[in-house]
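Inspection log for the structure reproduced underneath, given as structure tokens.
Residue numbers (the working numbering): 44 to 544.
See below:
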């Protein structure tokens with residue numbers, strides 16, 4: 044994975060544009076080092092970066108040279124801009140009290156080499172997921188190009204999670220998604236034919252149906268380094284090994300991010316659940332798939348944890364709240380929200396664990412033959428590349444509540460069926476507590492994701508689920524297991540009460 048990119052800017056505007064792009068993909072906890080001699084454009088970069096985070100091209104961004112630091116909360120995330128030019132060593136950073144920014148904001152520092160011994164350390168997670176938004180170091184070095192007065196050589200050096208984010212920057216290290224690339228892959232597999240695009244999802248993956256001589260396949264176009272088809276193929280192997288139905292992988296190009304997959308058709312569980320009888324029939328099968336999974340070995344992937352729970356829940360504080368309030372979430376409020384989620388995880392950490400699909404809803408379940416027998420071999424899973432090991436309640440909650448909520452009587456019937464069917468027993472009370480917490484977590488994640496898709500990724504027509512999400516959040520906050528989260532919400536965003544009106 045690429046950890047360094049070098050590019051050339053030909054004018055000040057190029058430097059500003061690069062700063063704006065980096066700001067789009069900046070996470071809470073990021074530490075951005077600006078290196079270069081006097082006059083190389085560090086101030087130009089910093090000013091454009093901070094203004095981009097604020098969404099205000101006229102925001103006053105004074106130099107911190109004499110004050111040592113400037114702080115901003117008009118921005119999407121709290122920002123501290125530090126100039127260490129006049130500092131002698133790292134001990135002088137202590138008086139600035141930057142720790143809260145290292146955790147909850149963005150630190151932009153010039154002349155870091157003067158205080159190297161006082162800089163924070165970062166521990167990159169063993170398995171980084173793009174959507175989790177984990178902060179890390181990024182070094183930006185600006186240097187002169189001989190004979191080109193206005194041009195600069197800009198070297199970006201990534202630590203940890205920034206190596207992934209490089210794929211989103213206009214430095215173009217992410218493989219472009221092109222018709223030529225897809226055709227080349229299909230040609231190498233001797234499966235050229237008519238290509239039809241399918242509806243996009245919330246990722247950077249795209250899917251196409253390919254038909255030749257009456258035979259159909261799907262091509263997944265998942266450009267690295269942002270996307271990893273290996274995660275998908277690993278889960279295909281696991282699910283096939285334990286006897287569950289998933290798309291067959293006919294060919295793969297892991298390095299370039301292409302898969303040729305079995306075409307499972309267009310009959311999702313949503314399309315076959317037109318009547319109450321069909322809903323019960325097929326939701327029962329979907330529940331049986333979860334029972335089968337829980338009673339088999341666990342996949343060797345990462346585990347749902349307090350850290351990973353928070354990394355997704357913080358989309359609310361880092362994307363949604365700044366969007367509706369017009370300023371960064373106050374550090375104290377963000378800390379309170381984080382503390383409540385870590386406390387809540389204690390209620391679910393001892394539940395039995397299973398392999399979780401992690402997006403197990405009716406649109407990700409394909410009915411292979413709606414008129415056929417209702418068995419787990421007639422219902423196939425898709426979109427499982429984010430699977431992880433987590434509490435047994437997680438996928439059940441997603442199935443019965445998200446996208447197409449089951450009525451109360453059927454919901455309780457299927458919960459009882461699941462609890463009776465799994466080998467590792469858990470009380471219904473503990474299961475329901477975990478069920479509600481995992482569901483609340485999912486919807487906080489969704490409201491932040493919808494804002495991020497619109498504001499950062501410039502996706503259109505993505506806010507349609509916002510009202511549904513808030514109705515569920517309002518309902519779940521009144522569940523006993525969710526008390527810690529509700530208490531914090533009452534303080535940091537009491538307006539949530541209006542969302543269900």
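Even glycine gets a Cβ: it sits at the ideal position worked out from N, Cα and C. All figures in this text were calculated on a predicted structure; none of them were measured in a lab.
(1) What residue range is occupied by the uninterrupted beta strand (DSSP E) comprising residue 65?
(2) Can a CB atom of chain B be found closer than 8 Å to the CB of residue 55?
(3) Have a look at residue 544 and residue 514 and give me their C-alpha separation to the nearest angstrom.
(4) Taking three-plus beta-carbon pairs below 8 Å as touching, is the region 355-369 in contact with the region 290-297?
(5) Would you report the Cα separation of residue 386 and residue 457, rounded to the nearest angstrom?
(6) Is residue 91 closer than 8 Å to residue 63 when the C-beta atoms are compared?
(7) DSSP three-state label for residue 484, please.
(8) Please state the DSSP three-state secondary structure of residue 247.
(9) Is the CB-CB distance between residue 312 and residue 399 below 8 Å?
(10) At the level of alpha carbons, what is the spacing between residue 223 and residue 466?
(11) So is residue 503 buried or exposed if we call it buried at 16+ other beta carbons inside 10 Å?
(12) Do residue 303 and residue 234 count as a contact pair if the criterion is CB distance below 8 Å?
(13) Looking at residue 52 and residue 195, is the spacing between their C-beta atoms short of 8 Å?
(14) Let me know the secondary structure DSSP gives residue 118 once reduced to three states.
(15) Do you know whose CA, among 202, 332 and 252, lies nearest residue 283's CA?
(16) Since residue 490 contacts residue 363 with CB under 8 Å, what's their CB separation in whole angstroms?
(17) Counting along the chain, where does the beta strand (DSSP E) carrying residue 239 start and finish?
(18) With DSSP collapsed to three states, give me the class of residue 287.
(19) State the CB to CB distance for the pair residue 402 and residue 426, rounded to an integer number of angstroms; the pair is presumed to be in contact (CB under 8 Å).
(20) In the DSSP assignment, what are the bridge partners of residue 301?
(21) Do you know offhand how far residue 118's Cα is from residue 149's?
(22) Quick one: is residue 316 buried, meaning 16 or more other Cβ sit within 10 Å of its Cβ, or exposed?
(23) Which one or two residues does DSSP pair with residue 126 in a beta bridge?
(24) Below 8 Å, can you find three or more Cβ-Cβ pairs linking the region 254-273 to the region 186-201?
(25) Where does residue 272 sit, in a helix, a strand or coil, going by DSSP?
(26) Report the rounded CA-to-CA distance for residue 345 versus residue 462, giving the unit in angstroms.
(27) Closest to residue 125 by CA distance: which of 107, 285 and 198 is it?
(28) In three-state DSSP terms, what is residue 355?
(29) Is DSSP giving residue 365 helix, strand or coil here?
(30) Is residue 112 near residue 185, with beta carbons less than 8 Å apart?
(31) To the nearest angstrom, report how far apart residue 314 and residue 279 are at their CA atoms.
(32) For residue 486, which residues of its own chain have a beta-carbon under 6 Å away from its beta-carbon, when the five flanking residues on both sides are left out?
(33) What's the call for residue 172, buried or exposed, on a 16-neighbour Cβ count within 10 Å?
(34) Suppose the cutoff is 6 Å on Cβ atoms and the five residues either side in sequence are ignored; what does the same chain contact list for residue 370 look like?
(35) Of the choices 54, 105, 180 and 138, whose alpha-carbon is the least far from that of residue 78?
(36) What does the Cβ neighbour count give for residue 530, buried or exposed, with the cut at 16 atoms within 10 Å?
From the atom records:
(1) Careful: residue 65 lies outside any beta strand (DSSP E), inside the alpha helix (DSSP H) at 55-67.
(2) Looking for chain B here will not work: only one protein chain is present.
(3) Bear in mind that a pLDDT of 48 at residue 544, under 50, signals an unreliable position, so the model cannot answer this.
(4) Pairwise C-beta distances place the region 355-369 out of contact with the region 290-297, as fewer than three of them are shorter than 8 Å.
(5) Rounded to whole angstroms, the gap between the alpha carbons of residue 386 and residue 457 is 29 Å.
(6) Contact: yes.
(7) Three-state result, residue 484: helix.
(8) Three-state result, residue 247: coil.
(9) Taking 8 Å as the Cβ cut-off, residue 312 and residue 399 do not qualify as a contacting pair.
(10) Whole-angstrom Cα-Cα distance: 50 Å.
(11) Residue 503 comes out exposed.
(12) In contact: residue 234 and residue 303 (Cβ atoms closer than 8 Å).
(13) Contact flag set, yes.
(14) In the three-state reduction of the DSSP assignment, residue 118 falls in the coil class, being assigned neither a helical nor a strand state.
(15) Minimum Cα distance to residue 283 is reached at 332.
(16) With a beta-carbon spacing of about 5 Å, residue 490 and residue 363 fall inside the 8 Å limit used to define contacts.
(17) For residue 239, the enclosing beta strand (DSSP E) has its first and last residue at 237-240.
(18) Of the three classes helix, strand and coil, the one that applies to residue 287 here is coil, per DSSP.
(19) By a beta-carbon distance limit of 8 Å, residue 402 contacts residue 426. Their separation comes to about 6 Å.
(20) When beta bridges are read from the DSSP output, residue 301 appears opposite 264 and 296.
(21) One C-alpha to the other measures close to 10 Å.
(22) Flag for residue 316 reads buried.
(23) Residue 126 is bridged by DSSP to 153.
(24) Touching, no, given that fewer than three Cβ pairs across the two stretches are closer than 8 Å.
(25) Three-state result, residue 272: helix.
(26) Straight-line measurement puts the Cα of residue 462 at about 24 Å from the Cα of residue 345.
(27) Residue 107 is the option with its Cα nearest to residue 125.
(28) If DSSP states are grouped into helix, strand and coil, residue 355 belongs with the helices.
(29) Three-state result, residue 365: helix.
(30) Going by C-beta atoms, residue 112 is not nearer than 8 Å to residue 185.
(31) Near 24 Å, if we compare the C-alpha coordinates of residue 279 and residue 314.
(32) So the list reads 512, 515 and 516, once near-sequence residues are dropped.
(33) Note on residue 172: pLDDT 47, under 50, position unreliable in the model; no value is reported.
(34) The answer, listed in chain order, is 116 and 117.
(35) A check of alpha carbon separations from residue 78 across 54, 105, 180 and 138 identifies 180 as the nearest.
(36) The residue in question, residue 530, is exposed, as its Cβ has fewer than 16 Cβ neighbours within 10 Å.
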